[in-house]
Each structure stands twice: as C-alpha cells, then as structure tokens.
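Protein chains: 2
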Amino acid sequence: MASSVKHPAAVQEAWSLVGKLFWQMRPRLLAVAGELGLTPPQMFALRALDPEQPVPMRELAAQLHCDSSNVTGLVDGLEAHGLVERRSAQHDRRVRMLVVTERGAEVRRRINDVVEEVPPALASLSAEDQRALRDILRRALG
Amino acid sequence: MASSVKHPAAVQEAWSLVGKLFWQMRPRLLAVAGELGLTPPQMFALRALDPEQPVPMRELAAQLHCDSSNVTGLVDGLEAHGLVERRSAQHDRRVRMLVVTERGAEVRRRINDVVEEVPPALASLSAEDQRALRDILRRALG
DNA sequence: TATTGTTATACTCTATAACTATA
DNA sequence: TATAGTTATAGAGTATAACAATA
Chain P
1 MASSVKHPAA VQEAWSLVGK LFWQMRPRLL AVAGELGLTP PQMFALRALD PEQPVPMREL
61 AAQLHCDSSN VTGLVDGLEA HGLVERRSAQ HDRRVRMLVV TERGAEVRRR INDVVEEVPP
121 ALASLSAEDQ RALRDILRRA LG
Chain Z
143 MASSVKHPAA VQEAWSLVGK LFWQMRPRLL AVAGELGLTP PQMFALRALD PEQPVPMREL
203 AAQLHCDSSN VTGLVDGLEA HGLVERRSAQ HDRRVRMLVV TERGAEVRRR INDVVEEVPP
263 ALASLSAEDQ RALRDILRRA LG
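Protein chains in written order, with the numbering used here: chain P, 1 to 142; chain Z, 143 to 284.
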C-alpha cells in the first residue's frame, strides 16, 4: 500500500511539475515508435539493450520489470525487423545473448535522440536555471 | 522525424536525470494498479477524469492520446468495478458523460497519493534544493 | 452530411503455468 | 533439482473500418 509520508509542499509540487513535463512528451514518443515501425514496448526494449555488449534475455526482462515469457515476444519482433540477433552463450548454452545489429544500433540512436530531446519548457529556461536544475538533480541521483 | 536541435549539455543532462527518476517509480505504479484491481491504462483513465465534473468520452480519449474505440473498453472496465457511470448528456444525446462514483473518487485519491509520491532521491534533497527545484520548474511550466 | 460512441476485427502486450534443454 | 528460455493460453490494450444514433 502507498505510504502516506508527507513531504514539504515544495518538493511535492516539484514532482508534480515533473510529471506534467513527462506527459507532454508522450505523444511524440508514440509517434516516433510508429515512424520506426515499432510498438512502444519494442522501442523501450531496444533502448534497454547495450549495442556494445550482448545481454542475456533474463537481464532484459529484469530491466523492463516484466516476465521472461514477455521478452520472448518482444525480441521476436525486434529480430524480425533485423535489429537484434539471438546468440547462444558459450559458457552456458541455456542462455541466449541479445546482440544489437548495426541497423539496430542506428534505430536505437534515433530513439535515444527523441527520448533525450529536451522538452520546450526546459529548453526555454535561462542557462543559469538549466545549470542549477542539473546540479540539483545530480545531488538527488548521485 | 526527430529534430536534432542541440541543447546545452546542462539541460540535456537534467532531462536525462528526470528520466531516471521516472523509471525508478515505474514498478511501484504497476504494483498499485494490481492492488486496486485495475490495469495501468484503467488507472490512468480514472486519474484523467474529474470527480467534480462529468467529462465526455471524447475528451477522455483526447487526454489519453488514444482512439475513441479504445476508451469504450477502458470505461467498460471502470464501470464494471463501479468506479464510473455513463450518463447521457442533455444537450446532445450522442454524447456520454463520464461520472466518477463516490467509490471511484476514493480509488482515484489513492492513485493520486501514489503517483504524486515523491521519489526518495528528491525527498533526500535539502529544503533549500527542494525549493529551488520547484521554483525553476515553475518558471519552466508557468 | 458530420459527429459520438459502439462493434467487429486483427494484432500486440502481459502474466501464469507447463514444457524443453541445459546445468 | 534448479535455471534460461519457449510455448500455450487467456485476458486486456490498441487502432482501423464499418456501423447506429443523433445532430
């Protein structure tokens, strides 16, 4: 059940504003998935992979917070698009490593370009505010 | 297609950190939906409604950025749970107004409690940082 | 004719449970 | 026996197209 811890009004409001920021970006994300011929879950799955280093399916499931059986279907889709390849691991033949293809890496970069695209509301901030925002968030997440 | 506008590194990084913050809250949101017996889309739909004022289905579809035919199923689910009622509009009998029931309003409050729950990373900030964060976001979204 | 909402259809997402193959 | 991944199954999300009722 949800904890009912009360936080100071300031941070409460800040978090609410962050939510608005995210909601504003949602239509763009959905549109880009469509342009790339991917469903949103497939898009997030590709984004969760590492183009530099093959990843076990198990680990992808963990990163997506979903069941392994679900990942099977998502990877099927990505593989059908030629974006990912399954490769058996040498040390344990039960494990299937996910290799991002060259084309997959390219699509992934385009996804990242959009996901990381700064919302207009933040872009319009002064350089000083932008730096302050970064510094505060660094302290929060660092 | 994604614009490739380059933003200063600071705000770029800030937005990326905001993304991490959101991703951290995802498992909790999914868990709460399960606890309330709702699917995530049903949960967001209920959250998008106004307990004070009936809303046409059309408007709900717009707020959720999805097709009207989709909303039919979502509202069916909420109605089956006794959280929402369809009521015909007086001025135009084609329109169906969505009324949040008393129980629906209660569930909606619990959803909001969780959605608005401040992530630990933000809660751990100093009071000064929390206020500064709020002020910057107000300037961004105001 | 145009609009609101539903229905029919098809495909995808998602979890659970049972299964295969490895270990 | 335990683990990685698949398959079978069932229920829900989603959009498109066709439809009914109303404007």
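Quick reminder that beta carbons are idealized off the backbone N, C-alpha and C, glycines included.
Tell me which residue opens and which closes the alpha helix (DSSP H) that residue i is part of.
{"i": "residue 78 of chain P", "result": "68-80"}
{"i": "residue 174 of chain Z", "result": "151-177"}
{"i": "residue 277 of chain Z", "result": "269-283"}
{"i": "residue 119 of chain P", "result": "Run containing residue 119 of chain P: none; DSSP gives neither H nor E here."}
{"i": "residue 235 of chain Z", "result": "Per DSSP, residue 235 of chain Z belongs to no alpha helix (DSSP H) and is neither H nor E."}
{"i": "residue 188 of chain Z", "result": "182-190"}
When the distance is taken between beta carbons, is residue j closer than 8 Å to residue i?
{"i": "residue 171 of chain Z", "j": "residue 220 of chain Z", "result": "no"}
{"i": "residue 71 of chain P", "j": "residue 84 of chain P", "result": "no"}
{"i": "residue 69 of chain P", "j": "residue 258 of chain Z", "result": "no"}
{"i": "residue 8 of chain P", "j": "residue 272 of chain Z", "result": "yes"}
{"i": "residue 93 of chain P", "j": "residue 75 of chain P", "result": "no"}
{"i": "residue 267 of chain Z", "j": "residue 139 of chain P", "result": "yes"}
{"i": "residue 249 of chain Z", "j": "residue 18 of chain P", "result": "no"}
{"i": "residue 114 of chain P", "j": "residue 32 of chain P", "result": "yes"}
{"i": "residue 118 of chain P", "j": "residue 153 of chain Z", "result": "yes"}
{"i": "residue 48 of chain P", "j": "residue 64 of chain P", "result": "yes"}
{"i": "residue 215 of chain Z", "j": "residue 243 of chain Z", "result": "no"}
Would you list the residues sitting across from residue i in a DSSP beta bridge?
{"i": "residue 55 of chain P", "result": "P/98"}
{"i": "residue 228 of chain Z", "result": "Z/240"}
Is it buried or exposed for residue i, if we count other Cβ within 10 angstroms and need 16 for buried?
{"i": "residue 14 of chain P", "result": "buried"}
{"i": "residue 144 of chain P", "result": "With chain P covering only 1 through 142, there is no way to say anything about residue 144 of chain P."}
{"i": "residue 53 of chain P", "result": "exposed"}
{"i": "residue 90 of chain P", "result": "exposed"}
{"i": "residue 274 of chain Z", "result": "buried"}
{"i": "residue 270 of chain Z", "result": "exposed"}
{"i": "residue 279 of chain Z", "result": "buried"}
{"i": "residue 203 of chain Z", "result": "buried"}
{"i": "residue 96 of chain P", "result": "buried"}
{"i": "residue 251 of chain Z", "result": "exposed"}
{"i": "residue 143 of chain Z", "result": "Any reading at residue 143 of chain Z must be qualified, since the residue scores a pLDDT of 44, below 50, and its modelled position is unreliable; no value is offered."}
{"i": "residue 122 of chain P", "result": "buried"}
{"i": "residue 58 of chain P", "result": "exposed"}
{"i": "residue 168 of chain Z", "result": "exposed"}
{"i": "residue 146 of chain Z", "result": "Note that residue 146 of chain Z has pLDDT 47, beneath the 50 cutoff, so the model's placement of it is unreliable and no number is given."}
{"i": "residue 134 of chain P", "result": "buried"}
{"i": "residue 284 of chain Z", "result": "exposed"}
Report yes if the C-beta of residue i is less than 7 Å from at least one heavy atom of the ligand GTP; otherwise report no.
{"i": "residue 48 of chain P", "result": "Among the components modelled here there is no ligand, and therefore nothing to report on the ligand GTP."}
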